[in-house]
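Encoded as structure tokens, the structure appears first; notes follow it.
Numbering (my numbering), first residue to last: 1 to 190.
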């Protein structure tokens, strides 16, 4: 329940709080929480964030009440604190959003770079596979690309299952050997 205080009541409450009667601060909270909340909500446009900022504002006002000079209205001083708190919140939120966007962009760039590396590796592997003997190349293609079982590959190629296993094993060895040599070659200083 909102209960406005007049200027004289406000001054008495502030004097009481400054003198150590901190329970009187509750009456200031009751008097100003709704207008402060509305003011802050209009800035941050989020109910939970506005509530948190209001709470922080009242806490800071409570801690700094002895520094309040009473040259202006308490509400003006309180709203200045709330305004700065809301601006700080919005700046922090903007920094977080910027940082998140940068991280996403960096992640996307790293992902794009990794995709490029994968495409290059696929291209290199593709060239190596193209250079394999036909039976190794065919067995590898059917096994990895078509995801056939050894039995299905043996049926397609019309060879025994052990021959299929041998073709796949030998093809993988050749690819591994050629990739190893290529990576060693790439690492050599020019």
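Just so you know, even glycine gets a beta-carbon here, dropped at the ideal spot from N, CA and C.
Item	Value
Leaving aside the five residues before and after residue 10 along the sequence, list all residues of the same chain whose C-beta is less than 6 Å from its C-beta, in chain order.	74
With a threshold of 6 Å, establish whether the CB of residue 43 neighbours any heavy atom of the ligand GDP.	As for the ligand GDP, it is missing from this structure, which has no ligand bound.
Within 10 angstroms of the Cβ of residue 59, are there 16 or more other Cβ atoms? Answer buried if so, exposed if not.	exposed
Which same chain residues, not among the five before or five after residue 5, have their C-beta less than 8 Å away from its C-beta?	13, 27, 28 and 31
Reducing DSSP to helix, strand and coil, say where residue 138 ends up.	helix
Where do the N-terminal and C-terminal ends of the alpha helix (DSSP H) with residue 28 fall, by residue?	25 to 44
Apply the 10 Å Cβ neighbour rule to residue 91 and answer buried if 16 or more other Cβ atoms are within range, or exposed otherwise.	exposed
Taking just the CA atoms, how far does residue 181 sit from residue 139?	23 Å
Of all the options 35, 62, 161 and 128, which has the alpha carbon lying nearest to the alpha carbon of residue 50?	35
What's the C-alpha gap between residue 48 and residue 41?	9 Å
In angstroms with no decimal places, state the Cα-to-Cα distance between residue 147 and residue 177.	23 Å
Taking DSSP as the reference, what is the three-state secondary structure of residue 246?	One cannot answer for residue 246 here, as it falls past the ends of the chain, which runs 1 to 190.
Taking the alpha helix (DSSP H) that residue 15 belongs to, which residues open and close that run?	7 to 18
Among residues of its own chain, excluding the 5 on either side of residue 142, which ones have a beta-carbon nearer than 8 Å to its beta-carbon?	148, 152, 153, 156 and 157
Residue range of the alpha helix (DSSP H) that residue 155 falls in?	150 to 157
Within 10 Å of its beta-carbon, does residue 69 have 16 or more other beta-carbons around it, so buried, or fewer, so exposed?	exposed
Quick one: give me the first and last residue of the alpha helix (DSSP H) that residue 55 is part of.	47 to 64
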